[in-house]
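What follows is one structure encoded as structure tokens, with my remarks underneath.
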Amino acid sequence: MEIGIGISADSAPYIPLDHEPNVTDDARLNQLGYKQELSRSLSAIANFSVTFSIISVITGLTTMYSTGLTFGGPVTMVYGWPIVGVLTMIVGLAMAEICSAYPTSGGLYFWSARLCGNEWGPMVSWFTGWFNIVGQWAVTTSVDFSLAQLIQVIILLSTGGKNGGGYEASKYVVIAFHGAILSMHAIINSLPISVLSFFGQLAAVWNLLGVVLLMILIPSVATERASAKFVFTHFNTDNGEGINSKVYIFVLGLLMSQYTLTGYDASAHMTEETKNADKNGPKGIISAIGISIIFGWGYLLGITFAVTDIPYLLSEDNDAGGYAIAEIFYLAFKNRYGSGVGGIICLGVIAIAIFFCGMSSVTSNSRMVYAFSRDGAMPLSSLWHKVNKQEVPINAVWLSAFISFCMALTSLGSLVAFQAMVSIATIGLYIAYALPIFFRVSLGRKSFVPGPFNLGRYGVVVGWIAVLWVATISVLFSLPVAYPVTSETLNYTPVAVGGLLFITVSWWIVSARHWFTGPITNI
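Reminder that position 488 of the sequence shown reads as 1117 in the working numbering, one-by-one numbering, no gaps.
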């Protein structure tokens, strides 16, 4: 029988690796209060691969490209991407420093508890953990639902397109696709970590090659290409949403970039399965963000050079039903070869990348569920943190898939409600990112003992910039996206995030504060 003993956030301080050159990963985990239960077999490349596959620029930029075109077009995408990329890297650097000090699967909520101390630790750990875990579930929901939608578009184009009598799947068929995709992801994630590591590295290679292939192929095949002046200077104000301010439009267009650059906390959640975790965990975060920024910008440039008629690409009357990138690919091949089959195949390349993205997202979800339930924060915690003979938290895997399916059911009632749900994937997740960083530069500033990877004297400055950026986007992405504001055009992001905050606060006050003591040792 395991006995949970509350860990003091001030006790057993982290000892930097260079002070103990022969310390093992298991011993480091023991210092933090946990025994090794998961199979520690991931290399630095494998850790990076999981995170890179979750960020998956080909996934985020493809599904959100219409948003970028609508709000500002080329200028917002071409210049907004590097701006958001640099600020995201700053957030990633701040997280990587803390990850190096506390390499556990719990990640963010464990960091918050340690950095706050005994008095506030349990409460901030509770809020950080729930925003992190719900944000992750929203990411998986969003990714797999976007794949279901893309499959629907591929079927539509393959059967003649919207203007040629093509088959348009109903919302019930799309949700069935979504359920099937989640089931496949749960099955793959039930396999041993060595097998999952192979799939993760295959996913990383597929994402890299897919981006390079498409950014070169599509503009090369297109018979009509945009000029460099259009790509680098054209600002689209014709959004049809009643918004005329260029600054406002530019800000709304940044959502495409920030939505894409999420999920890099996965490297932290995989640290208990990673060798040399206090070095390779931080490396996974930083390298995944950096490589994503470079290849993402190339992908945006390549695809945007094939854009010539923005209003038509966004029109629901085109063959792809308003799915901008699908229409770009389809027209490029159809205009040159008389058939859009090549474009449909290219969409298949993207679909496989999105599938890998969802697979890795479930991996990260399940490790967070495993850790959070190990610390007794979830209902039926003893069930969710069990591992099977292959040292896989299999119950956590299937729980994550099930909840992600339930979150997508809101799409049957209203796409507005569904969009509100998945908005937590950006704002909710970034709030979870910012909380431990904030505590590291405030309450834990003097007590924080860095690990092998650290930012030195720049750690506090980087941390404050990261916190301010998250605070900024939390406000900006809660602004109305259309005027006049009605029940159909209202941005429900603050409602969804506020609802999550209300539930977690109420749960804490009524019940959790009496029994949740923060991270607990199982040694």
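We treat Cβ as the ideally placed atom computed from N, Cα and C, and that holds for glycine.
Please classify residue i as buried or exposed, where buried requires at least 16 other C-beta atoms within 10 Å of its C-beta.
i     : result
K1220 : The structure shown has nothing for residue 1220, since the chain only spans 630 to 1152.
K791  : buried
T691  : buried
G977  : exposed
S856  : exposed
P650  : Because P650 carries a pLDDT of 48, less than 50, the predicted location of this residue cannot be relied on, and no value is offered for it.
R1086 : exposed
R1142 : exposed
L1012 : exposed
F1131 : exposed
S1140 : exposed
N909  : buried
Y1112 : exposed
A805  : exposed
K800  : exposed
S874  : exposed
Y796  : exposed
S1040 : buried
C975  : buried
G1127 : exposed
I712  : exposed
What does the alpha-carbon distance come out to for the pair residue i and residue j?
i     : j     : result
Y1059 : V860  : 30 Å
E1020 : F1031 : 21 Å
A1000 : R1069 : 21 Å
W1144 : E748  : 14 Å
G925  : S968  : 28 Å
E726  : L1009 : 33 Å
W1153 : V824  : What the structure shows of the chain is the stretch from 630 to 1152, and residue 1153 is not part of that stretch, so it cannot be assessed.
A638  : L744  : Confidence is the limiting factor: at A638 the pLDDT is only 37, short of 50, which leaves the residue's position unreliable and the question unanswerable from this model.
A935  : A961  : 8 Å
T900  : V715  : 25 Å
D946  : I973  : 18 Å
I1094 : F1067 : 10 Å
A767  : S1052 : 8 Å
M706  : G1042 : 32 Å
A798  : E902  : 41 Å
V782  : A742  : 45 Å
G808  : L1038 : 10 Å
Y663  : R996  : 14 Å
S729  : I1138 : 32 Å
I634  : I687  : Note on I634: pLDDT 31, under 50, position unreliable in the model; the coordinate value appears next. Cα-Cα distance, rounded: 44 Å.
F679  : M1036 : Residue 679 is actually Val in this sequence, not Phe. When rounded, the distance between both Cα atoms is 23 Å.
For residue i, collect the residues of the same chain with a Cβ closer than 7 Å to its Cβ; drop the 5 residues on either side in sequence, then sort them by chain order.
i     : result
A605  : In the structure displayed, the chain extends from 630 to 1152; residue 605 sits before or after that span and is not available.
V880  : L1105
S672  : K904
L722  : I915, L1084, V1091
W835  : I981, A982, F985
N659  : I1152
V1045 : E1117, Y1121
L943  : S695, L698, T699, G951, A953
V991  : T769, H814, A815, N818, V1026, S1029, A1030
S1033 : W766, T769, T770, D773, L811
A1061 : L737, T757, F760, N761, G764
P1148 : I636, G662, G735, F739, A742, S754, D1004
Who are residue i's beta bridge partners in DSSP?
i    : result
L881 : Looking at the DSSP assignment, L881 forms no beta bridge with any residue, so it has no partner.
G701 : N865
T903 : L671
Relative to the C-alpha of residue i, which residue among the options is closest?
i     : options                  : result
P1065 : L737, F700, W1144, I684  : L737
Y941  : T699, L1129, R1003, Q660 : T699
S668  : N865, D655, I762, Q1048  : D655
A917  : L837, T852, F1034, I957  : L837
T1146 : Y708, T653, Y731, G750   : G750
T889  : T733, S682, S1103        : S682
G1080 : E666, P732, F958         : P732
R965  : G919, Q781, I847         : I847
H863  : I1102, G701, S678, P1109 : G701
I1102 : Q887, N873, V763         : Q887
L1108 : R1003, G1073, V876, A955 : V876
A1063 : S754, S670, Y663, S734   : S754
R854  : T933, G892, R1074        : T933
Take residue i and list the residues in its own chain whose beta-carbon comes closer than 8 Å to its own, dropping the five residues that flank it on each side.
i     : result
V1124 : A1049
G927  : V840, V841, M844
V970  : F962
I810  : D773, L776, A777, F984, G987
L1129 : W759, F760, V763, I1053, G1057
For residue i, which residues in the same chain have their Cβ closer than 6 Å to its Cβ, ignoring the five residues on either side in sequence?
i    : result
L779 : A980
P821 : Q1019
W740 : I727, Y731, P1065
Does the beta carbon of residue i sit closer than 8 Å to a beta carbon anywhere in chain B?
i    : result
G721 : Structure shown: chain B not included; a single protein chain is present.
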